[in-house]
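Q: Before we start, here is the structure in question, set down as structure tokens.
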Amino acid sequence: MRLLIQRVTRATVTVDHKIVGTIGQGIVAFVGVSHADTEKDAEWLAEKVANLRLFPSEKTEFDRSLLEIGGELLAVSQFTLYGSTKKGRRPDFNEAAGADFARNLYEEFVRKAKLTGLIVAEGVFQAHMAVELVNDGPVTFMIES
């Protein structure tokens with residue numbers, strides 16, 4: 371699994387002109403699933419996001435975790451994280467998992483993130499979404515299980 375995460379001051383995801391998820395300070399996680407991923411990947415990534423020290427303290431820029439600051443998580447499924455642009459002009463998605471498999475692991479990631487104690491908002495799996503966010507820093511990381 372791959373997560374593209376961004377530290378944000380706020381973020382919103384909209385589907386069909388309706389807000390379906392919104393957070394204040396926290397992390398937006400774009401979640402990609404490959405056909406080789408397992409539930410252990412989802413669990414590991416949920417723990418990683420909850421506990422990764424991405425927020426400042428009085429001492430240093432990267433000292434506090436999402437759990438420590440009481441921040442929120444916005445999870446957005448994004449199969450394009452497994453797109454390849456190496457050949458030709460059209461991306462291929464051979465590494466991306468099929469929809470049913472990906473949905474199960476995306477939902478497992480969300481479930482495990484909630485079990486850490488995080489407040490979790492979500493996009494809509496397989497929907498065309500408009501994601502608005504204010505990247506804080508900017509701070510952006512790619513995490514792979």
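Letter by letter, the sequence shown follows residues 371 to 515 in the working numbering.
From the three backbone atoms N, C-alpha and C, an ideal C-beta is built for every residue, glycine too.
By the three-class DSSP mapping on this structure, what secondary structure does Asp462 have?
A: In the sequence shown, residue 462 corresponds to position 92, counting from 1. DSSP places Asp462 in strand when its eight states are reduced to three.
Q: Buried or exposed: Phe425, going by 16 or more other Cβ atoms within 10 Å of its Cβ?
A: Translated into the one-based positions of the sequence shown, residue 425 becomes position 55. Phe425 is buried by the Cβ-count criterion.
Q: Any idea which residues DSSP pairs Gly391 with across the strands?
A: For the purposes of this step, residue 391 is taken as residue 21 along the sequence shown, with counting starting at 1. Answer by DSSP bridge pairing, in chain order: Val383.
Q: Using alpha carbons as the reference points, say which of His498, Ile375, Asp506 and Ser515 lies closest to His387.
A: Start at 1 with the first residue of the sequence shown, and residue 387 comes out as number 17. The shortest Cα separation from His387 among His498, Ile375, Asp506 and Ser515 belongs to His498.
Q: Quick check: the Cα distance between His405 and Leu437, rounded to an integer number of angstroms?
A: Within the sequence shown, residue 405 is the residue found at index 35, counting from 1. Within the sequence shown, residue 437 is the residue found at index 67, counting from 1. Cα-Cα distance, rounded: 30 Å.
Q: In the DSSP output, what is Leu374 paired with across the bridge?
A: By 1-based counting over the sequence shown, the position of residue 374 is 4. In DSSP, Leu374 forms a bridge with Phe400 and Met512.
Q: Along the chain, where does the beta strand (DSSP E) that runs through Leu443 open and close?
A: Here residue 443 corresponds to residue number 73 of the sequence shown, with the count starting at 1. First-last of the beta strand (DSSP E) with Leu443: Glu442 to Ser447.
Q: Is the shortest distance between the beta-carbon of Lys388 and the beta-carbons of chain C less than 7 Å?
A: Among the chains of the structure shown, chain C does not appear; only one protein chain is present.
Q: Relative to the C-alpha of Ala416, which candidate in Glu502, Pro508, Gly507 and Val490 has its C-alpha closest?
A: The residue you call residue 416 lines up with position 46 of the sequence shown. Answer by Cα proximity: Val490.
Q: In three-state DSSP terms, what is Val494?
A: In the sequence shown, counting from the first residue as 1, residue 494 sits at position 124. DSSP places Val494 in coil when its eight states are reduced to three.
Q: Alpha carbons only, please: which of Ala420, Arg372 and Glu409 is nearest the one belonging to Leu485?
A: Here residue 485 corresponds to residue number 115 of the sequence shown, with the count starting at 1. Cα-wise, what sits closest to Leu485 is Ala420.
Q: Can you list, in chain order, the residues of its chain whose CB lies under 6 Å from that of Val439, leaving out five sequence neighbours each side?
A: Counted from its first residue, the sequence shown places residue 439 at position 69. Here residue 439 turns out to be Ile, not Val, going by the sequence shown. Hits under 6 Å: Phe425.
Q: Any idea what DSSP makes of Glu521, helix, strand or coil?
A: With the chain represented from 371 up to 515, any question about residue 521 goes unanswered, as that position is not in the structure.
Q: Taking the C-alpha atoms as reference points, what is the distance between Arg372 and Arg459?
A: Stepping through the sequence shown from its first residue, residue 372 is reached at position 2. Stepping through the sequence shown from its first residue, residue 459 is reached at position 89. Cα-Cα distance, rounded: 23 Å.
Q: Does DSSP classify Ala406 as helix, strand or coil?
A: Sequence index remark: in the sequence shown, residue 406 carries index 36 (1-based). Three-state result, Ala406: coil.
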